[in-house]
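Residue numbers (mature numbering (1 follows the signal peptide of the UniProt record, and there is no 0)): -25 to -1, 1 to 683. Heads up, the beta-carbon is just placed ideally off N, CA and C, and yes, glycines get one too. Predicted, not measured: the structure shown is a model, and the values here were computed from it. The block underneath contains the structure these notes are about, expressed in structure tokens.
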Amino acid sequence: MNSSDGARKSLFLACAAVAISTAFAATAAAEMTSAETITVIGSRTYRATDTSSSTKTNTPLVDVPQSVTVITEVEIRDRAVQNLADTVRYVPGVSFAQGEGNRDTPIFRGNASTADMFVDGVRDDVQYFRDLYNVERVDVLRGSNGMIFGRGGGGGIINRITRQANGQDVRGFTAQLSGEGGGRVTGDFGMRIDDMASFRVTGVYEDSEGYRDDAFYERNGLNPTFALQIAPSTELRVGYEYYDYEFVADRGVSSFAGRPLDIDLSTFFGDPARSPTTATVNALNVRFEHEFGGGVRLVNHTRWGIYDKYYQNIFAGATSGGGANVAIEAYNNATDRDSLFNQTDLTFDVATGSLQHTILAGIEVGRQITDNFRETGFFTDVSPTATSIIVPVSNPRYTGPVAFSQGATDADNHGTATQYSVYLQDQIEFSPRWQAVVGVRFDRFEAELRNNRNGAEFNAEDNLWSPRVGLIYKPVENASIYASYSQTFVPRAGEQLASLNATNSALDPEEWENIELGAKWDVSPTLSLTAAVYQLRRTNIAITDPLNPAQLILVEGQEVRGVELGVSGEITDAWHVVGGYAYQDSEILSNQSATVRAGATLAQTPEHSFSLWNRYDFTPSIGAGLGVIYVGERFATVQNLVTPANNVVLEDYTRVDGAVYWTVSDNLRVQLNVENLLDEEYFVNAHSATNIMPGSPRAFRVGLSAAF
């Protein structure tokens, strides 16, 4: 950390002390007066009843022919979740890869993505770490989602729903102290200005440390929103978010003899002082909504985001010398992106004979301008052109000179991606027992990429059709059985819009198809069970033509067949649960390289995984939480069938988490969260066979939430 660390920590502790004192004073004042309680922080439910993420209409989850998990604000609070990776721990079929220590990388049903993340339904695809300080809930959709979200979303998407000004008075904050050192403060303040206008602002400040040597997390965020009720049926919402952070880009440990290195799990390979990852986000959101009456509604949503992302890492490569030595490598990368999207949705209800329809017609236009610049680290103690240096595993820090400059293949490019989309969806009710969801989306996607190093320019244009069909049978009002089919595509520009070159620009896009059978049952008004069986297939993978190495050909890619079971809600008034089980049978469908052969298992796709979080309220004010996470054995990279000895396997693990809650009053709550209660040693994920992330040892977090 920089020289201001002491001042930052002192400032944080001072803020926390003032906040805690204020909270107790506010609680005492509230007990002495008869003023109405504005915010009650003891809300208890883990169960959501509906979502608009899957259909763009507010639809009961039991009527959605797709696997959807909603992480509610209450669950986020109870588990003290701060990032997306922790958010999905109890979502079946979803996990996170390491992301080179600088970005969110969810894995949906065996398909890793750096771009399939959205905020309030709008694309948020830059590679960075997102925070939950301004989030009301998180919707996780599995399966192909092209009809609603457009390109990408092959295995699933994550949609963050943010807090908005809503005409209510809100005054609250949360202070958390970490057992590793430091902590964070979040605030949520809103007010009703008059009958027409309201305001709300959420914020975060963090200065904390991690379990890995010299790891730290510094972040700031501020998200004001304003709502104006122009007329009884017309509303305008405007919001702006500023968010920035600096972390250490930690890529974990290397491997030897098919397993992660047997070394102290806090050991940093490389140099944390020269491995920063930073991001700055400035985003403007404008949403206009008008109700015409008779079930007709118009919504227009504009999001303009400017992203500035940078990371540099000095990190572990392959081991040698019988596992006694390890190569250290280095590079840096800067990405600037300007994203502008506008969505216009018209929904209306209509009857045709005995059929009831909810029809969605929409258009989306978007333009993204991206600049990428990368440099390789050269280890001049070895030679002016050396891209690695060998150090002992027993002392894998490297503080010697590294000169960063552009290597022969490093990127320096400028890209523009433009999309024009139209979509139409019909939610049909044939009878109280039978429903259907039928929709299709057309995307005109245009990409241009200029190589600034040699002036070469590449262009691609794609016309993409993304259909979805779902049939729902409801034997009773609170249960459904469904079958669905959906498709989506990823153009050759790639998820991050910088993959065009002379050999791939004319190829058809990659394609995903998801076939799913499922059932949903609201066992009671407070408890829901879900089950799904699916087949997710990825095709049009581009590989080098074995008969002509100068060109690419398209082949079958991969397939995952699986089962997902989910539970959320209340078993009793005191016992609250959320979790699930996933079975995944993954397979490469065709030979794709010398080592990626047909029949191989996908990377980081365990056959079995299970998770269950429980909260039990012993009294209205005292409760405890207990969570169990099991992840089966998996490969760090795609299974190598040619040379099995080169496979690196992450062993299965079971992690137990715990929590204790004390609701002092309607306005004050104290909680203690313990991650990895039994201090299990395990490896949570990987980026490659040489970048494997150890899981956290036992870790404590104390939090205080107050409303006043």
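Host alpha helix (DSSP H) of residue i (start-end)
| i | result |
| --- | --- |
| G297 | Element bounds for G297: n/a, residue is neither H nor E. |
| D61 | L59 to T62 |
| F104 | Run containing F104: none; DSSP gives neither H nor E here. |
| G121 | G121 to F124 |
Per DSSP, cross-strand counterpart(s) of residue i
| i | result |
| --- | --- |
| residue 708 | This structure gives no information on residue 708, because the portion of the chain shown stretches from -25 to 683. |
| residue 692 | No answer is possible for residue 692: the residues shown for the chain start at -25 and end at 683. |
| H583 | Y558 |
| I364 | I303 |
| R278 | N260 and F316 |
| S27 | None, per the DSSP bridge assignment. |
| V645 | W637 and L679 |
| V115 | T44 and I133 |
| D387 | F348 |
| E655 | Answer is none; E655 lacks a bridge partner. |
| V397 | I338 and F417 |
| S503 | D497 and S543 |
| R78 | None; R78 has no bridge partner. |
Segment limits, beta strand (DSSP E) that includes residue i
| i | result |
| --- | --- |
| R52 | Not the beta strand (DSSP E): R52 falls in the alpha helix (DSSP H), residues E48 to D53. |
| G414 | W409 to N426 |
| M668 | N666 to P669 |
| L540 | Q533 to E545 |
| M593 | In the sequence on display, residue 593 carries Phe and not Met. Element bounds for F593: n/a, residue is neither H nor E. |
| A199 | The amino acid at residue 199 is misidentified as Ala; the sequence shows Pro. Looking at the DSSP string, the run of the beta strand (DSSP E) that includes P199 is F191 to A206. |
| D437 | E432 to V451 |
| I168 | Neither: I168 is in no beta strand (DSSP E) and is coded neither H nor E. |
| D520 | I516 to D520 |
| E486 | E485 to S499 |
| S218 | The sequence shown places Tyr at residue 218, rather than the Ser named in the question. That run of the beta strand (DSSP E) goes T209 to V223. |
| L236 | Run containing L236: none; DSSP gives neither H nor E here. |
| A454 | A454 to V465 |
| P524 | N523 to V530 |
| L152 | V145 to S153 |
| S380 | A378 to S380 |
| F93 | M92 to V94 |
| V623 | Neither: V623 is in no beta strand (DSSP E) and is coded neither H nor E. |
| P672 | Element bounds for P672: n/a, residue is neither H nor E. |
| V69 | V69 to F71 |
| F405 | From DSSP, F405 is part of no beta strand (DSSP E); its letter is neither H nor E. |
| P81 | P81 to F83 |
Top-ranked residue by Cα proximity to residue i, from the options
| i | options | result |
| --- | --- | --- |
| R272 | E264, W550 and I82 | E264 |
| Y103 | A90, V115 and V110 | A90 |
| P371 | V301, D520 and I168 | V301 |
| K495 | G382, L475 and S455 | S455 |
| V451 | S499, I490 and N476 | S499 |
| L601 | V631, D99 and T612 | V631 |
| L529 | T638, L504, R467 and N260 | R467 |
| S596 | S640, P81, E155 and L577 | S640 |
| R278 | R84, R98 and T362 | R98 |
| L399 | E216, V366 and L321 | L321 |
| D169 | G555, G157 and L203 | L203 |
| residue 694 | E582, V603 and A411 | Nothing in the structure corresponds to residue 694, since the chain is present only between -25 and 683. |
| G233 | T580, D520 and N621 | N621 |
| N476 | L330, L527 and E111 | L527 |
| A291 | G554, Y282 and F243 | F243 |
| Q318 | T47, N308, E486 and A336 | A336 |
| S250 | N257, D219, Q287 and T638 | Q287 |
Whole-number beta carbon distance between residue j and residue i, since they are thought to touch under 8 Å
| i | j | result |
| --- | --- | --- |
| T255 | F222 | No, T255 and F222 are not in contact; Cβ-Cβ is about 13 Å, not under 8 Å. |
| S380 | F420 | S380 to F420, Cβ: 34 Å. No contact. |
| L540 | A506 | 5 Å |
| I238 | V63 | That pair is no contact at about 28 Å. |
| I403 | D38 | That belief does not hold up - the Cβ atoms of I403 and D38 are roughly 11 Å apart, past 8 Å. |
| I546 | L502 | 6 Å |
| N666 | G227 | 5 Å |
| G156 | E111 | Their Cβ separation, rounded to whole angstroms, is 30 Å, which puts G156 and E111 out of contact at 8 Å. |
| T576 | F610 | 6 Å |
| P199 | V176 | 4 Å |
| S565 | G121 | The Cβ separation is near 23 Å, so there is no contact. |
Proximity test, Cβ basis, 8 Å: residue i and chain D
| i | result |
| --- | --- |
| D246 | The displayed structure is made up of one protein chain only, and chain D is not part of it. |
Three CB pairs or more closer than 8 Å across the segment 121 to 138 and the segment 639 to 658:
no
Inter-stretch contact at 8 Å, needing at least 3 Cβ pairs: the segment 475 to 482 / the segment 57 to 76
no
For the segment 311 to 331 against the segment 349 to 368, are there 3 or more C-beta pairs whose distance is under 8 Å?
no
The segment 555 to 562 touching the segment 55 to 62, judged by at least three CB pairs closer than 8 Å
no
Could you check whether the segment 120 to 130 touches the segment 144 to 161, counting it as contact only if at least three pairs of C-beta atoms, one from each stretch, sit closer than 8 Å?
no
Does the pairing of the segment 542 to 556 with the segment 143 to 157 give three or more beta-carbon distances under 8 Å?
no
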